[in-house]
Ligand SMILES: [Zn+2]
């Protein structure tokens, strides 16, 4: 079995000077054939599939905003164009295609490289450059297909408020987010979901937390969370804006750091859920970092060597030892 991927760069979903643009994926596109993965064709998601996460009225509002010419729809700013509704259905469909192929055993693992991204989109609100929550839609689809538990790990620099909201009251779905504290959207406090200790896990990070911090988090928080929740499939919100050289944020990962955390997640999937893992593109606004980050994910999935561009962060890392201890204590991880 091989690693699969879907590719939907949404070339017409673009707004003047907006950082979430097709050009994010330009450098990656030229290298897609070199990763040893097999491209899947995917159909657009249906309205019913989108409606497993989003309110019908919200879906209609996004469609209406597109059909009436598009524009800015929230303060992030989130934009839509006349094609964005269909683009968003294809982004969700590309994610569903990967998740279904892995769940059915047609692919060993997969990477949905799609835009617009999804993790900020809440059940009743498109926001944060996101229209429909691709990864939450795929998680609910897996439940429909018989999965008992699905866990999302989100290493985008921003908190995935939309995924957290979609999973809030569903004990079959778990969420773990690492994110820079103090930036958009402002959610993701450690103690934000006291009703869901051990299930909704937030790891808010100081600026410049990078490869070393993420190494500690992988062992002390991510591994115990995955082992205790014991999902039947792991989905990963892979946002490459947690690279130190992202224009929007100030975390500290290097490309080698993306490789390390992605490889660890693949290993844990092998230990816990027969290797069933799907990565889904979220943010990342420097095209070089998107290329290197995606290369790291493919290397982690295929077992091929990672061509490390040696782009270590120039910043020192903060000490997060005590913060990790308090998060573990809050959730009961040992
Ligand atoms: Zn982000």
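In my numbering, the protein residues as written are 16 to 349. For every residue, glycine included, the Cβ atom is placed at its ideal position computed from N, Cα and C. Computed from a prediction, not measured in an experiment: that's the story for all the values here.
Look up residue i in the DSSP assignment and say whether it is helix, strand or coil.
i	result
residue 104	helix
residue 89	strand
residue 27	coil
residue 249	strand
residue 268	strand
residue 301	coil
residue 296	strand
residue 20	strand
residue 244	helix
The beta strand (DSSP E) spanning residue i covers which residue range?
i	result
residue 124	124–129
residue 190	188–195
residue 156	Residue 156 -> not in any beta strand (DSSP E); alpha helix (DSSP H) instead, spanning 149–159.
residue 12	With the chain running from 16 to 349 in the structure shown, residue 12 is simply not present.
Could you spell out where the alpha helix (DSSP H) holding residue i opens and where it closes?
i	result
residue 237	Taken as a continuous stretch (DSSP letters only), residue 237 belongs to no alpha helix (DSSP H), as it is neither H nor E.
residue 218	Looking at the DSSP string, residue 218 is not in any alpha helix (DSSP H); the run it does join, the beta strand (DSSP E), is 215–220.
residue 43	41–44
residue 255	Careful: residue 255 lies outside any alpha helix (DSSP H) and carries neither H nor E.
residue 232	226–232
residue 359	The question about residue 359 has no answer here: the residues shown for the chain are numbered 16 through 349.
residue 204	Here residue 204 belongs to no alpha helix (DSSP H), and DSSP marks it neither H nor E.
residue 338	336–346
residue 198	From DSSP, residue 198 is part of no alpha helix (DSSP H); its letter is neither H nor E.
residue 63	62–65
Give me, in chain order, the residues of the same chain whose beta-carbon lies closer than 8 Å to that of residue i; leave out the 5 immediate sequence neighbours on both sides.
i	result
residue 229	170, 193, 268, 272, 275, 276
residue 54	19, 20, 21, 22, 47
Do residue j and residue i count as a contact pair if the criterion is CB distance below 9 Å?
i	j	result
residue 245	residue 144	no
residue 120	residue 59	no
In chain order, what residues of the same chain have a beta carbon less than 6 Å from the beta carbon of residue i, not counting five sequence neighbours either side?
i	result
residue 24	37, 40
residue 261	300, 301
residue 43	305, 306, 309
residue 103	131, 146, 147
Leaving aside the five residues before and after residue i along the sequence, list all residues of the same chain whose C-beta is less than 7 Å from its C-beta, in chain order.
i	result
residue 195	172, 220, 222, 264, 265, 266
So which residues put a beta carbon under 6 Å from any heavy atom of ligand 1, going in chain order?
So the residues near ligand 1 by this Cβ test are 171, 172, 173, 254, 256, 297, 298.
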